[in-house]
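Line by line, the protein sequences give chains H and E.
Counting from 1, one number per residue, gives the positions in the first sequence under UniProt numbering.
Counting from 1, one number per residue, gives the positions in the second sequence under UniProt numbering.
What follows is a single structure, written as structure tokens, with notes after it.
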Amino acid sequence: MNKTWNNKAWFMVLPMLLLVLFSAAIPLMTVVNYSVQDTFGNNVFFWAGTEWYEQILNSRRFWDAMGRNLAFSFIILAIEIPLGILIALNMPRRGWGVPLCLVLMALPLLIPWNVVGTIWQVFGRVDIGLLGRVLEGIGIDYNYVRDPLDAWITVILMDVWHWTSLVVLLCYAGLVSIPDAYYQAARIDGASRFAIFRYIQLPKLRRVLTIAILLRFMDSFMIYTEPFVVTGGGPGNSTTFLSIDLVKMAVGQFDLGPAAAMSIIYFLIVLLLSWIFYTVMTSHEGER
Amino acid sequence: MVDAKQTIAATMRELPLEKPADPAQKTQIERRMRRRGTASRFWWLVPALYIIFLMLPIYWLVNMSLKTNSEITGTFSLWPQQPTIRNYMVIFTDASWYSGYINSIIYVVMNTVLSVAVALPAAYAFSRYRFLGDKHLFFWLLTNRMAPPAVFALPFFQLYSAFGLIDTHIAVALAHCLFNVPLAVWILEGFMSGVPKEIDETAYIDGYSFPRFFMKIFMPLIASGIGVAAFFCFMFSWVELLIARTLTTTAAKPIAATMTRTVSASGLDWGVLAAAGVLTLIPGALVIWFVRNYIAKGFALGRV
Numbered sequence: 001m002n003k004t005w006n007n008k009a010w011f012m013v014l015p016m017l018l019l020v021l022f023s024a025a026i027p028l029m030t031v032v033n034y035s036v037q038d039t040f041g042n043n044v045f046f047w048a049g050t051e052w053y054e055q056i057l058n059s060r061r062f063w064d065a066m067g068r069n070l071a072f073s074f075i076i077l078a079i080e081i082p083l084g085i086l087i088a089l090n091m092p093r094r095g096w097g098v099p100l101c102l103v104l105m106a107l108p109l110l111i112p113w114n115v116v117g118t119i120w121q122v123f124g125r126v127d128i129g130l131l132g133r134v135l136e137g138i139g140i141d142y143n144y145v146r147d148p149l150d151a152w153i154t155v156i157l158m159d160v161w162h163w164t165s166l167v168v169l170l171c172y173a174g175l176v177s178i179p180d181a182y183y184q185a186a187r188i189d190g191a192s193r194f195a196i197f198r199y200i201q202l203p204k205l206r207r208v209l210t211i212a213i214l215l216r217f218m219d220s221f222m223i224y225t226e227p228f229v230v231t232g233g234g235p236g237n238s239t240t241f242l243s244i245d246l247v248k249m250a251v252g253q254f255d256l257g258p259a260a261a262m263s264i265i266y267f268l269i270v271l272l273l274s275w276i277f278y279t280v281m282t283s284h285e286g287e288r
Numbered sequence: 001m002v003d004a005k006q007t008i009a010a011t012m013r014e015l016p017l018e019k020p021a022d023p024a025q026k027t028q029i030e031r032r033m034r035r036r037g038t039a040s041r042f043w044w045l046v047p048a049l050y051i052i053f054l055m056l057p058i059y060w061l062v063n064m065s066l067k068t069n070s071e072i073t074g075t076f077s078l079w080p081q082q083p084t085i086r087n088y089m090v091i092f093t094d095a096s097w098y099s100g101y102i103n104s105i106i107y108v109v110m111n112t113v114l115s116v117a118v119a120l121p122a123a124y125a126f127s128r129y130r131f132l133g134d135k136h137l138f139f140w141l142l143t144n145r146m147a148p149p150a151v152f153a154l155p156f157f158q159l160y161s162a163f164g165l166i167d168t169h170i171a172v173a174l175a176h177c178l179f180n181v182p183l184a185v186w187i188l189e190g191f192m193s194g195v196p197k198e199i200d201e202t203a204y205i206d207g208y209s210f211p212r213f214f215m216k217i218f219m220p221l222i223a224s225g226i227g228v229a230a231f232f233c234f235m236f237s238w239v240e241l242l243i244a245r246t247l248t249t250t251a252a253k254p255i256a257a258t259m260t261r262t263v264s265a266s267g268l269d270w271g272v273l274a275a276a277g278v279l280t281l282i283p284g285a286l287v288i289w290f291v292r293n294y295i296a297k298g299f300a301l302g303r304v
């Protein structure tokens with residue numbers, strides 16, 4: 001659509017901008033403030049310059065947490081996006097199955113995050129949980145409290161359980177909006193199911209997939225509540241993701257300076273990666 | 001658009017009449033189509049298995065909420081041996097429990113209304129006009145979803161204390177706008193871009209003022225988009241815990257925060273915790289039921 005140039009449009013954006021700025025700019029400035037100062041309590045602050053940034057960037061702990069977080073985001077994207085597309089492709093298009101599927105699939109999305117953690121904490125427990133009991137029953141040694149690998153599997157399974165539906169809903173909405181004529185044309189050409197998917201459905205899903213991948217990446221990179229409730233970052237540090245580490249530092253040790261510096265670095269990394277995703281995913285839009 | 005679609009469809013119907021295919025080829029095509037039909041008959045298993053996978057942990061939660069604490073920790077059973085509603089009675093009779101639900105619903109509704117209300121004109125501006133810095137602004141909006149809430153909790157607390165808003169519903173509603181407004185703008189912009197610009201122009205020629213056009217003509221056209229945006233705002237505000245817990249103490253305490261305090265002298269009260277968890281599912285289930293048709297209609301009418 002060719003848009004007209006009109007700077008008066010700013011007036012329509014303004015209320016939204018003020019509302020978001022109120023909650024965005026001031027806290028961000030506070031965090032920046034902390035990140036360059038040191039304090040000995042009593043609200044007395046000293047200029048610390050880039051000291052905290054150097055400390056964070058040189059710490060093994062930060063890069064370990066970063067590595068775990070990147071691995072986690074990559075694994076859940078690799079599972080949730082294809083799985084979400086597969087499920088959306090096979091969902092019914094009409095009849096009583098549609099509302100049933102939509103409502104049941106959306107349920108996990110609407111559960112408060114700490115409740116999600118609680119559900120999986122109980123579900124995976126060897127003594128009172130269904131999953132833990134069943135796995136033990138068929139002879140698999142599973143204990144997410146002791147074994148790092150089991151803790152990872154539990155956290156990933158929980159995230160797949162929690163968030164795949166978002167990808168499904170977005171893809172389903174994208175698929176429904178493809179006009180029937182496309183499919184009829186494909187049928188006349190005798191296109192295979194895979195060809196229909198590759199050349200009709202996938203290109204039409206580009207925009208919703210952009211949203212899905214961006215949302216899933218950002219949220220999984222900032223995941224806190226669910227793994228915190230299930231594993232508390234353990235066993236050891238094996239599921240300590242960046243945000244869990246951050247809260248340990250800010251609340252547990254009350255190191256505001258390093259914590260603030262870390263959150264700025266953290267924020268910049270999310271920003272950079274999201275920008276790369278966004279640019280790559282939308283780069284084809286101009287060509288069409 | 002509709003005309004074009006009908007024309008294409010009509011052409012396709014007529015194709016075989018214009019060019020009578022030889023019977024062998026025709027049966028071959030039919031057979032191929034039938035075969036594909038039977039092959040895809042079992043594909044419903046994929047969503048079905050997925051739904052079973054989704055429901056198992058939820059079933060386990062419901063199962064637990066109907067058991068006594070001694071049964072939960074003492075024995076292992078697939079369904080409650082001595083069903084009890086004690087856990088639910090605890091919640092419905094204790095104000096510190098049920099007020100959590102009321103608080104959550106109040107701030108979630110406030111946030112949804114606020115987010116959609118400011119996002120509507122903004123999304124219209126993004127979808128119809130080019131203006132100084134529009135692209136940067138659009139991406140900047142998204143960056144607000146990327147700020148890790150963990151460390152922003154403390155600055156949020158200081159900011160809202162300065163305005164005397166701590167422990168009010170409006171504080172949580174305002175704070176949640178940080179991540180809901182960008183999402184609402186993004187979703188609504190997609191829907192609005194699907195509405196042809198000619199509709200706006202025709203309305204102006206017909207003498208509609210902008211507010212009247214927006215309310216009477218434009219908003220009904222993107223009703224499904226408003227539904228989807230409202231659903232997502234509701235969802236993200238309902239499930240968020242960290243900020244909501246930081247900004248409230250008692251008067252506006254959300255249910256999710258109440259649930260973090262079920263450790264009593266006799267250990268964790270699993271039964272009540274499970275019952276509270278089950279009850280947090282209900283508002284969400286109701287909302288998705290209301291927007292189910294909108295979601296099915298399509299996420300973005302034009303730009304998908």
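Glycine included, C-beta positions come from ideal geometry on N, C-alpha and C.
Please state if the CB of Trp238(E) and the CB of Ala284(E) are separated by a distance shorter than 9 angstroms.
Residue identity check: residue 284(E) is Gly in the sequence provided, not Ala. Yes, they are a contact pair.
Indicate the three-state DSSP secondary structure (helix, strand or coil) for Tyr50(E) in the structure shown.
Looking at Tyr50(E) - three-state DSSP - the assignment turns out to be helix.
Can you give the Cα-Cα distance for Ile265(H) and Ser104(E), rounded to whole angstroms?
When rounded, the distance between both Cα atoms is 33 angstroms.
Measuring only the C-alpha atoms, how far is Leu66(E) from Met16(H)?
When rounded, the distance between both Cα atoms is 45 angstroms.
Does Phe72(H) come within less than 9 angstroms of chain E when only Cβ atoms are used?
Phe72(H) does not count as touching chain E.
Which chain E residues sit within Cβ distance under 8 angstroms of Ile119(H)?
Near Ile119(H) (Cβ distances below 8 angstroms), the residues of chain E are Pro57, Ile58, Trp60, Leu61, Gly277.
Spatial neighbours of Leu109(H) within its chain, please: C-beta separation below 7 angstroms, excluding the five flanking residues on both sides.
Ser165, Leu166, listed in sequence order.
Compute the Euclidean distance between the alpha carbons of Phe236(E) and Ser115(E), then round it to the nearest angstrom.
Approximately 12 angstroms, taken between the alpha carbons.
Any beta carbon from chain E within less than 9 angstroms of Arg207(H)'s own beta carbon?
With 9 angstroms as the cut-off, Arg207(H) counts as an interface residue toward chain E.
Indicate whether at least one CB of chain A lies closer than 9 angstroms to the CB of Ile76(H).
Judged by its chain identifiers, the structure shown contains no chain A, and its protein chains are H and E.
Helix, strand or coil, according to DSSP, for Tyr224(H) in the structure here?
Coil.
With Tyr182(H) as the anchor, note down where its alpha helix (DSSP H) starts and where it stops.
Its alpha helix (DSSP H) spans residues 180–188.
Would Val122(H) count as contacting chain E if we go by Cβ distances under 9 angstroms?
Cβ-Cβ to chain E under 9 angstroms: yes for Val122(H).
Output needed in chain order: residues of the segment 232–250 of chain H with a Cβ under 7 angstroms from some Cβ in chain E.
Answer set for the segment 232–250 of chain H: Ser243, Leu246, Val247, Ala250.
So, are the CB atoms of Tyr182(H) and Ile200(H) less than 9 angstroms apart?
Contact: yes.
Closer than 6 angstroms by C-beta to Phe290(E): which residues in its own chain qualify, once you throw out the five before and the five after it? Chain order, please.
Answer for Phe290(E): no residue qualifies.
Give the straight-line distance between the Cα atoms of Ala125(E) and Ala162(E), rounded to the nearest whole angstrom.
Rounded to the nearest angstrom, the two C-alpha atoms are 33 angstroms apart.
Does the distance from the C-beta atom of Ala65(H) to that of Leu242(H) stay below 9 angstroms?
Closer than 9 angstroms, so yes.
Check the Cβ of Trp43(E) against every Cβ in chain H and list those closer than 7 angstroms, keeping chain order.
The answer, in chain order, is Asn90.
Verify the CB distance criterion: does Thr112(E) have a CB-CB separation below 9 angstroms to chain H?
No - not a single Cβ of chain H is within 9 angstroms of the one on Thr112(E).
Spell out the partners DSSP gives Trp5(H) in its beta bridges.
According to DSSP, which records beta bridges pairwise, Trp5(H) is partnered with Arg130(E).
Closest to Ile282(E) by CA distance: which of Phe138(E), Asp269(E), Leu268(E), Ile255(E) is it?
Measuring from the Cα of Ile282(E), the nearest candidate turns out to be Ile255(E).
Taking three-plus beta-carbon pairs below 8 angstroms as touching, is the segment 167–174 of chain H in contact with the segment 78–95 of chain H?
Yes, the segment 167–174 of chain H is in contact with the segment 78–95 of chain H.
Please classify Ala223(E) as buried or exposed, where buried requires at least 16 neighbouring CB atoms within 10 angstroms.
Classification for Ala223(E): exposed.
Out of Gly133(E), Asn69(E), Pro47(E), Thr93(E), point me to the one whose CA is closest to residue 289(H)'s CA.
What the structure shows of chain H is the stretch from 1 to 288, and residue 289(H) is not part of that stretch, so it cannot be assessed.
For Tyr278(H), return the contacting residues in chain E, with the cut-off set at a CB-CB distance below 8 angstroms.
Per Cβ cutoff of 8 angstroms: Phe139, Leu142.
Identify, in the order they occur along the chain, each residue of the same chain with its Cβ nearer than 7 angstroms to the Cβ of Phe221(H), setting aside the five sequence neighbours on each side.
If we look at Phe221(H) and ignore the five residues flanking it on each side, its Cβ neighbours are Asn69, Ser73, Val270.
Can you give the Cα-Cα distance for Gly74(E) and Thr260(E), rounded to whole angstroms?
The alpha-carbon atoms of Gly74(E) and Thr260(E) are separated by roughly 23 angstroms.
Under a CB-based cut-off of 9 angstroms, is Asp127(H) close to chain E?
Yes - at least one Cβ of chain E is within 9 angstroms of the one on Asp127(H).
With DSSP as the reference, label Arg68(E) as helix, strand or coil.
For the sequence presented, residue 68(E) should be read as Thr rather than Arg. Reduced to three states, the DSSP call for Thr68(E) is coil.
Per DSSP, what kind of secondary structure is Val13(H) in: helix, strand or coil?
Correct three-state label for Val13(H): helix.
What runs of the beta strand (DSSP E), each 3 residues or longer, lie entirely inside the segment 230–263 of chain E?
DSSP runs (the beta strand (DSSP E)) wholly in the segment 230–263 of chain E: none.
Are the C-beta of Gly286(H) and some C-beta of chain E separated by less than 9 angstroms?
Confidence is the limiting factor: at Gly286(H) the pLDDT is only 49, short of 50, which leaves the residue's position unreliable, though a coordinate-based value still follows. No - not a single Cβ of chain E is within 9 angstroms of the one on Gly286(H).
For the alpha helix (DSSP H) that Pro258(H) lies in, which residues bound it at each end?
Where Pro258(H) is concerned, the enclosing alpha helix (DSSP H) stretches over 256–282.
Just tell me which of Pro155(E), Thr248(E), Ala150(E), Ala123(E) has its CA closest to the CA of Gly194(E).
The residue with the shortest Cα to Cα distance from Gly194(E) is Ala123(E).
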